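These protein sequences, in sequence, are chains C and Z. Read in order, the letters of the first sequence correspond to residues 2 to 116 in this note's numbering. Read in order, the letters of the second sequence correspond to residues 759 to 873 in this note's numbering. Using N, Cα and C, we set each Cβ at its ideal position, and we do this for glycine too. As the structure is a prediction and not an experimental result, all values here were calculated from the model. To start, the structure under review is shown below, and the notes come after it.
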Amino acid sequence: AQSVAQPEDQVNVAEGNPLTVKCTYSVSGNPYLFWYVQYPNRGLQFLLKYITGDNLVKGSYGFEAEFNKSQTSFHLKKPSALVSDSALYFCAVRPFTGGGNKLTFGTGTQLKVEL
Amino acid sequence: DTEVTQTPKHLVMGMTNKKSLKCEQHMGHRAMYWYKQKAKKPPELMFVYSYEKLSINESVPSRFSPECPNSSLLNLHLHALQPEDSALYLCASSQVKERSGNTIYFGEGSWLTVV
């Protein structure tokens, strides 16, 4: 069975500073990895995904994530945080085969960007 | 902007009522999903429809009854709910094909309060 760990319940960053939201995963075989963002009282919004190929994935709103197979990690990053990035971020994994379309989510990380 | 549309956005119902949540997508996706989300928690998968047939039921109580009338529509019929069923109900859709890193796209959700 697959699993995702987001070790930080909350991350606080000053506006303009770089941000990192951590994610590690466990899956049999190769993974598909996803990041979603949820703003208050909204649905989940897709940010980016890793399927195969280049380990650095670029997504919406200036976010990027780096796939590291040896460390089984897929950390979300942004070079310069904005107050408007404050939201709840979910990492999710699905196995390459056998998982159907069933996503396994991490517990979420609340990002707070302050002036 | 999400291309998965959910109605109503808010619903308050008594424990003896019968109501329905509706979802529509026009992305040509043949997989549709219902998720339940409690505040600050990850979404929990309830049902998956693939090619308009129920493919996954995550042991959801029978007071929740899904229906997929056609490839664009998904309903969730609610009857005799309990206060603990109060949550955000998210509809989502994706392509069906495995091994292709299908992205699951979410709607904005329907906030359900059971009184």
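{"Query": "Fully enclosed by the stretch 22-69 of chain C, which beta strand (DSSP E) runs are 3 residues long or longer?", "Result": "25-27, 32-39, 45-51, 57-59, 65-69"}
{"Query": "With three or more beta-carbon pairs closer than 8 Å as the criterion, would you say the stretch 69-76 of chain C touches the stretch 13-33 of chain C?", "Result": "yes"}
{"Query": "Per DSSP, what are the beta-bridge partners of residue 781 (chain Z) in this structure?", "Result": "Z:764, Z:832"}
{"Query": "Consider the Cβ of residue 119 (chain C): report whether some Cβ of chain Z lies at a distance smaller than 8 Å.", "Result": "Any property of residue 119 (chain C) remains undetermined from this structure, which presents chain C solely from 2 to 116."}
{"Query": "Excluding five sequence neighbours on each side, which residues of the same chain lie with their C-beta closer than 7 Å to the C-beta of residue 98 (chain C)?", "Result": "30"}
{"Query": "Is there a Cβ of chain Z sitting closer than 8 Å to that of residue 64 (chain C), yes or no?", "Result": "no"}
{"Query": "Residue 800 (chain Z) by DSSP, collapsed to three states: which one?", "Result": "coil"}
{"Query": "How about residue 54 (chain C): is its C-beta nearer than 8 Å to some C-beta of chain Z?", "Result": "no"}
{"Query": "Any idea if residue 28 (chain C) is buried or exposed, counting beta-carbon neighbours within 10 angstroms, 16 or more meaning buried?", "Result": "buried"}
{"Query": "Who are residue 787 (chain Z)'s beta bridge partners in DSSP?", "Result": "None; residue 787 (chain Z) has no bridge partner."}
{"Query": "For residue 873 (chain Z), list the residues DSSP reports as bridge partners.", "Result": "Answer is none; residue 873 (chain Z) lacks a bridge partner."}
{"Query": "For a cutoff of 8 Å on Cβ pairs, would you count residue 865 (chain Z) as touching chain C?", "Result": "yes"}
{"Query": "Residue 19 (chain C) by DSSP, collapsed to three states: which one?", "Result": "coil"}
{"Query": "From residue 837 (chain Z) to residue 859 (chain Z), what distance separates their C-alpha atoms?", "Result": "35 Å"}
{"Query": "Should residue 810 (chain Z) and residue 829 (chain Z) be called a contact, given that it needs their Cβ atoms to be closer than 8 Å?", "Result": "yes"}
{"Query": "What whole-angstrom Cβ distance do residue 812 (chain Z) and residue 844 (chain Z) have, given they're in contact under 8 Å?", "Result": "About 24 Å separates the two Cβ atoms, so there is no contact after all."}
{"Query": "Note down the Cα distance separating residue 847 (chain Z) from residue 55 (chain C), rounded to an integer number of angstroms.", "Result": "35 Å"}
{"Query": "By Cβ distance, which residues of its chain are closer than 8 Å to residue 59 (chain C), with the 5 residues on each side in sequence left out?", "Result": "49, 65"}
{"Query": "With which residues is residue 96 (chain C) paired in a DSSP beta bridge?", "Result": "C:32"}
{"Query": "Would a C-beta distance cut-off of 8 Å place residue 45 (chain C) and residue 51 (chain C) closer than the cut-off?", "Result": "no"}
{"Query": "What are the start and end residues of the beta strand (DSSP E) that includes residue 838 (chain Z)?", "Result": "Per DSSP, residue 838 (chain Z) belongs to no beta strand (DSSP E) and is neither H nor E."}
{"Query": "Residue 807 (chain Z) and residue 849 (chain Z): beta carbons closer than 8 Å?", "Result": "no"}
{"Query": "Hey, quick one: how far does the beta strand (DSSP E) through residue 7 (chain C) stretch, first residue to last?", "Result": "Careful: residue 7 (chain C) lies outside any beta strand (DSSP E) and carries neither H nor E."}
{"Query": "Output needed for residue 774 (chain Z): all residues of its chain with C-beta closer than 8 Å, excluding positions within five of it in sequence on either side, in chain order.", "Result": "838"}
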